[in-house]
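Before any comments, here is the structure.
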Amino acid sequence: METKHLVLPKEKDTKMVVAALLTVAACSLDMPLPEAERLACSMYAHILNTAEKLDLEKEMNLYEKLGKKL
C-alpha cells in the first residue's frame, strides 16, 4: 500500500494564490482591474476575518498532524 502525505502550502504561498484567484474572479465580472483588485482585497479580508472567527489555524494544525501520520 502506498503512503500518502498531505502537503499544505506555506502561508505566504496560500495568500498569493488566494489573492490571485479572487482578482481573477472579480475580473470575470467584467470589472476594470483596479475595481477588481479592490473587490478581491475586500473578499480576502472577509475570508481572513471569518477564518479567525472559526479558528481555522487549529484545524490546519490538525490536518498537518494527520498528514504526517498518513
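Offset between the sequence shown (1-based) and the working numbering: plus 1.
C-beta atoms are modelled at their ideal positions from N, C-alpha and C, and glycine is treated no differently.
| Asked | Found |
| --- | --- |
| Beta-carbon spacing of L30, Y45 below 8 Å | no |
| Buried or exposed (CB count within 10 angstroms, at least 16 for buried), L7 | With a pLDDT of 47 at L7, under the threshold of 50, the predicted position of this residue should be treated as unreliable, and no value is reported. |
| Proximal residues to A20 (C-beta, below 7 Å), its chain only, five neighbours per side dropped | A41, Y45 |
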